[in-house]
Amino acid sequence: MLKGKTFVETLMRENSFKGLFGAKKDEDAYEEDDIIAADDSSTSSRSTRKWVRELSSLANVVAARCARSLMLSIEELQEQFNNEISESAKAPTKYARNFLEYCCFRALAVSTRTMDYLSDKDFRRHTFEMMLAWEAPGAADKPVINVSVDSERAVGRDAFVRLGPAIAGVADPVTVYCQFSALTGATGGRLQFSLYDKYLGELDKTIKTMKSLSSSAHLPKLQMVKGENVIELEGTVTTQPVLQHVGVSTWPGRLTLTDHALYFESLGVVSYDKAKKFDLVGNLRQVVKPELTGPWGARLFDKAISCKSTAIPEPFIFEFPEFTGHARRDYWLVTVRELICTHQFARKYQLDELGAGEALSRAVLGIARLKATREVTRCLPDKPESLLTFLTCEEIPGGDLIMEAIARSLQTGDTTNNGKNGISEKSRLYAKTAAATIANLGATGAKKQVAVEDMVLPVGEFLIGELNPIEKAVIQSRDSSKRVELAKSTIDGVKVDGIDMNMAVMKELMVPVSAVLEWIKALQTWEEPFKSAAFLVICSYVVLKNLIGYIIPACLLCLAGFMLWFRQGQGVNSGEVTVTSPASQSTVEQLLALQQGLTELKDLLQAGNIFLLKLRAILFSTLPQATDQVVMVLVIIAFCLAILPWKLMFLLLLWEAFTRQTRFRQDSTERLLRRVREWWYSVPVVPVRLIKVDEEKKKN
């Protein structure tokens with residue numbers, strides 16, 4: 009009787025009667041699990057299963073299921089945990105969560121090697137229960153209940169961030185925070201099972217659609233290289249249109265995106281023309297950016313992308329028409345840029361063929377997650393690039409450190425981290441490759457399973473009670489990003505409109521520089537003879553004693569001292585700038601001021617051109633007498649620099665600059681400057697010949 013009762017209880021725990029008595033809805037599955045867990049906890053003394061006393065009821069249920077998937081008993085799994093994990097990870101305050109992580113990571117490593125695991129409802133429910141149990145793993149922990157989300161059990165960010173990347177394909181350690189925010193934007197920061205189930209379903213559907221595109225009938229015409237896989241296809245009868253703009257003409261066609269290139273086939277009278285290729289692999293300085301398009305070359309609609317590289321003479325411009333917004337354009341923009349960044353990453357870190365393929369598969373999974381998120385939320389995230397791994401690393405602070413950690417994980421035979429943090433190699437639970445994940449989610453049959461197993465490499469690791477290098481780099485980057493966002497918020501608050509207002513702010517900020525210049529000018533004019541004489545004597549002493557090399561260090565030390573002094577008095581002086589707002593101007597006055605400013609700018613440009621033309625005239629001996637005089641002066645200066653000591657030259661220049669305004673030299677200085685101006689005015693300019701563009705084209 010006891011054995012029979014145990015067997016029935018086991019069937020009930022595994023929901024084996026679901027097919028006989030009718031399946032419940034997914035939303036009610038957690039209430040059933042809670043009841044089962046409570047029953048198991050109350051009857052544990054009469055059952056053959058041993059419960060871990062440190063774990064909560066739900067955590068015990070999850071751990072037991074993990075043990076069954078590993079074909080182990082809970083006692084054997086706990087014994088392996090105690091033998092393999094370091095002592096610091098087995099501390100009483102950490103034991104429950106670390107043991108649960110150990111069970112989940114090991115079970116996920118096995119369950120994600122099966123075919124089509126994302127389409128398995130039990131797998132989705134089980135992984136969600138893992139996250140629920142992770143939030144309250146201890147026997148004394150209370151489960152986190154969010155009553156504001158339709159009374160449905162939901163998981164928080166930390167649980168998804170910790171366990172999501174361990175579920176192959178579901179999340180990436182680099183983008184998992186943004187992934188969770190994009191999914192839970194409308195649910196108060198908690199992930200419901202209904203939303204999680206829908207997301208996994210859309211992700212599975214997206215990956216299968218990508219794999220089905222690789223068997224399209226038009227692919228042989230594209231002459232793709234071996235191993236090139238199709239990611240996106242638009243412009244066909246069943247998809248939305250795509251237009252290419254060439255000059256003032258517009259051509260509809262079919263746009264195919266692969267992991268190596270972008271192909272566009274314009275629609276002809278009967279069939280498609282020969283495909284135009286935009287390579288994404290080579291080091292061709294590819295630039296992909298938003299572009300404005302419109303009829304007959306007008307720049308009206310913000311719905312296109314421009315693809316430019318050194319391999320094509322003119323950039324390709326593709327428009328993605330839609331009635332409202334430019335979500336289609338944004339999706340294609342970030343997708344193409346992500347693939348370019350991935351190939352740049354592989355070149356920069358000199359990855360081998362296997363490592364580069366794994367990085368590319370990682371990027372493809374990121375694109376699939378972005379598309380699945382768009383389908384679940386019915387809109388593209390505000391920052392779609394934040395869901396793509398390598399594009400995110402290019403833009404966020406500390407992204408280079410994340411890419412270095414990823415590159416180390418993709419290098420075969422890398423053992424640089426082994427034995428660190430007191431964790432043995434046995435406790436390192438390695439992640440499955442992204443390439444194997446894609447193959448598993450789209451392949452069928454035992455033969456394919458063998459091929460997938462052969463490509464499993466230790467490309468990443470999940471450390472029990474610790475963070476792996478990628479996770480550490482991500483956390484460090486997030487801290488830096490928070491500081492950057494805080495700084496950007498202060499920038500937005502001080503931006504003002506209007507040229508006059510910005511000029512007023514600039515003048516106020518330049519007050520210290522203006523004060524220094526006025527002080528130097530006062531010393532030169534000898535308005536206060538005692539100060540000017542003292543300054544000149546001190547500078548002469550510094551030059552004669554060869555102390556000039558200490559001037560810059562002394563200035564830097566003084567600057568550091570001032571900064572520390574201001575820091576101590578930060579509560580009194582926070583560095584706030586007070587600017588008197590200029591008088592408001594009417595529209596006509598603003599237009600007149602703008603016209604005057606443009607006139608002054610034109611005069612300044614003309615004066616600069618005249619100066620350069622006169623220098624050119626002296627250089628090419630347009631006026632031989634002026635050229636001879638300049639040559640003589642240059643020879644004298646060169647002779648003085650070669651013969652006289654540098655400190656004597658510097659001392660002479662110093663005395664000349666600070667004594668020219670004295671009463672002894674003022675008259676002679678004015679006469680000298682007058683003769684120099686007269687000589688400069690006598691130098692002619694070289695002629696300038698203007699050629700019209702049309703005439704130049706006719707000559708060519």
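Residues in the sequence shown are numbered consecutively from 9, following the working numbering. Don't be surprised by glycine CBs; every beta carbon is placed ideally from N, CA and C. Keep in mind that this is a model prediction, so the values were computed, not measured.
Counting C-beta pairs with one atom in each stretch, the stretch 306 to 317 and the stretch 283 to 298 have three or more that are closer than 8 angstroms, which means they touch. Annotation: the continuous beta strand (DSSP E) that includes ARG262 extends over 257 to 266.
Per DSSP, the continuous beta strand (DSSP E) segment holding VAL254 begins and ends at 250 to 254.
When secondary structure is reduced to three states using DSSP, LEU308 falls in the coil class, being assigned neither helix nor strand. Non-local beta-carbon contacts of VAL693 in its own chain, meaning distances under 7 angstroms to residues more than five positions away in sequence, involve ILE618, LEU621, LYS622, ALA625 in chain order. In the structure shown, TYR271 falls within a strand segment according to DSSP collapsed to helix, strand and coil.
Inside the stretch 312 to 356, DSSP marks whole beta strand (DSSP E) runs of 3 or more residues at positions 324 to 327, from first to last along the chain. Taking all protein chains in view, the Cβ of ASP212 is crowded by 16 or more other Cβ atoms within 10 Å, so the residue is classified as buried.
Rounded to the nearest whole angstrom, the C-alpha separation of ILE483 and LEU396 is 17 angstroms.
Beta-bridge analysis with DSSP links GLY569 to no other residue. In the DSSP assignment, ASP287 is bridged to ALA269. The criterion of a C-beta distance shorter than 7 angstroms is satisfied by VAL182 and ILE410. Under DSSP, TYR280 takes part in a beta bridge, and its partners are LEU275.
For VAL178, no beta strand (DSSP E) segment is defined, and its DSSP state is neither H nor E. Between ARG132 and GLY164 the beta-carbon gap is near 18 angstroms, outside 8 angstroms, which marks them as no contact.
Leaving aside the five residues that flank LEU564 on each side, none in its chain has a CB nearer than 8 angstroms to its CB. Setting aside the 5 residues that flank it on each side, LEU78 is surrounded in the same chain by LEU85, ARG114, ALA115, VAL118, each with a C-beta closer than 8 angstroms to its C-beta; the list follows chain order. If only uninterrupted alpha helix (DSSP H) runs of at least 4 residues are considered, those enclosed by the stretch 581 to 648 are 595 to 627. By the CB criterion at 7 angstroms, VAL238 and LEU221 fall inside the cutoff.
For VAL524, the enclosing alpha helix (DSSP H) stretches over residues 519 to 533. Residues of the same chain with a CB within less than 6 angstroms of the CB of ALA67, apart from the 5 flanking positions on each side, are LEU108, ALA141, PRO145 in chain order. Straight-line spacing of the CA atoms in LEU275 and ARG76 works out to 57 angstroms. If you check the CB distance, GLU236 and HIS268 come in under 7 angstroms.
Excluding five sequence positions before and after LEU265, the CB atoms of its chain that fall closer than 6 angstroms to its own CB belong to ILE239, GLU240, given in chain order. A distance below 7 angstroms separates the beta carbons of VAL250 and PHE326. In the three-state scheme derived from DSSP, where H, G and I count as helix and E and B as strand, PRO303 is classed as helix. The C-beta of VAL519 has fewer than 16 other C-beta atoms within 10 Å across all chains shown, which makes the residue exposed. Annotation: the continuous alpha helix (DSSP H) that includes VAL551 extends over 537 to 552. Contact between the stretch 344 to 362 and the stretch 289 to 297 is present, with at least three C-beta pairs closer than 8 angstroms. Burial is judged here by how many other beta carbons sit within 10 angstroms of a residue's own beta carbon; GLU346 has at least 16 and is buried. Between ASP281 and LYS229, the alpha-carbon positions lie close to 10 angstroms from each other.
DSSP lists LEU265 as the beta-bridge partner residues of GLU240.
Between the alpha carbons of VAL545 and LEU517 lies a gap of roughly 32 angstroms. Distances from the CA of SER417 to each of GLU479, LEU661, PHE136 were compared; the closest alpha carbon is that of GLU479. When THR677, LEU378, GLN633, GLN419 are compared, the shortest CA-CA separation from VAL184 is found for LEU378. The Cβ atoms of LYS58 and ILE82 sit closer than 7 angstroms to each other.
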